[in-house]
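Protein chains in written order, with our numbering: chain A, 1 to 145; chain B, 1001 to 1145. For glycine and all other residues, C-beta sits at the position ideal for the given N, C-alpha and C. As structure tokens, the structure follows; a few thoughts come after it.
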DNA sequence: TTTCTTGCAAAGACTTTGCATCCAT
DNA sequence: ATGGATGCAAAGTCTTTGCAAGAAA
């Protein structure tokens, strides 16, 4: 999704819920949107944000990320290391292939897997609402080492 | 895997590492092995264990579970609720279908998904070491409510 | 003004660990 | 007697929240 659309979506959400826009919030949102393709942890985003304004606190970044998730412009992920990571909402669903050595993350889509998942759910009479698929391995670069 | 084999595997591990068997450890292991097919949390196992010996502490259950994982007779899982759950090591790899309402867990195997995962990894030149697939949905019983 | 936001610090929820004591070998 | 095991309490991690003070609208 284009950044412009994300801003629109977010602004709609803010208006609809009578929320305000502030200096801090603007910086955090702007910085988060600059992480296109990454999967930032709260601490990482905080660090980036503080380069622009060192006064901003952890809790504000945390709450802004929650806001972005609620507004539907960010996705929260929990990979194997236990910390939350956030990525920009993208048009297409995708899963992740993660290097256990360097942490590099490749995103991929696979319709066949999605279809089988639906079948498995149906067979067990579950009404599927979501799923989580993560592949862990060692990337090419790390294999060389 | 049969309980008997698990005991054997565990005993080998204990011997190999010069670890001792104790009253507490025996009770915890026995109780854990009785949870066949379940995915117990530490607290849950502690409660079961305390029915047999109320003096046993949380840390002992915790450490025993770590031991079982190290010995290869238990698997540690992290589902969506953030708490660790433990299941008995089973011969066949399987994934989980989890009810978000009541927490019921169905285990399933699907070779096609496994194969595709390998392909995805290969295509990206990752050396696959593990994966995590969880389906979330609402089970039949909970749909009725 | 009124209501939302911020930043700090404190509280939670779990998981891990230090240590004196206890127990199996 | 040794060295591992236990229980408790304390320390870690990360995530959430209460609150007084500060900004939007």
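Short of 6 Å from the beta carbon of residue 58 of chain A, and not among the five residues preceding or following it, lie these beta carbons of its own chain, in chain order: 46. Relative to the Cα of residue 53 of chain A, the nearest Cα in the group A/88, A/28, A/3 and A/98 belongs to A/28. In this structure, residue 1108 of chain B places its C-beta atom within 8 Å of the C-beta atom of residue 1097 of chain B. Within the segment 116-137 of chain A, the residues whose Cβ lies closer than 7 Å to any Cβ of chain B are, in chain order, 116, 117, 120, 121, 124, 125, 126, 127, 128, 129, 130, 131, 132, 133, 134, 135, 136 and 137.
The beta carbon of residue 1142 of chain B sits closer than 7 Å to those of 1099, 1101 and 1102, all from its chain and outside the five residues before and after it, given in chain order.
Residue 1081 of chain B sits in coil when the DSSP states are folded into three classes, being neither helix nor strand. Taking CB atoms only, residue 1069 of chain B has no neighbour in chain A less than 8 Å away. If you draw a 10 Å sphere on the C-beta of residue 1071 of chain B, you find 16 or more other C-beta atoms in it, and that means buried. For residue 1113 of chain B, the nearest CB of chain A lies under 8 Å from its own CB, placing it at the interface with that chain. As computed with DSSP, residue 1099 of chain B is found in a beta bridge with B/1137.
Residue state for residue 1093 of chain B is assigned as coil, using DSSP reduced to three classes. Distance between residue 48 of chain A and residue 31 of chain A, taken at the CA atoms: about 7 Å. Annotation: residue 102 of chain A has no Cβ neighbours in chain B at a cutoff of 7 Å; minimum Cβ distance is about 11 Å.
According to the DSSP assignment, residue 28 of chain A belongs to the alpha helix (DSSP H) that extends over 23-33. Put simply, the CB of residue 1140 of chain B is near chain A, with a gap under 8 Å to one of its CB atoms. Rounded to whole angstroms, the gap between the alpha carbons of residue 126 of chain A and residue 1134 of chain B is 13 Å. The three-state reading of DSSP puts residue 132 of chain A in strand, counting E and B together.
In the displayed model, residue 118 of chain A falls within a helix according to three-state DSSP. Within the DSSP bridge table, the entry for residue 1040 of chain B names B/1086 as partners. Annotation: residue 73 of chain A is outside any beta strand (DSSP E) and is labelled neither H nor E by DSSP.
Residue 1083 of chain B is classed as exposed because its beta carbon has fewer than 16 other beta carbons within 10 Å across all chains shown.
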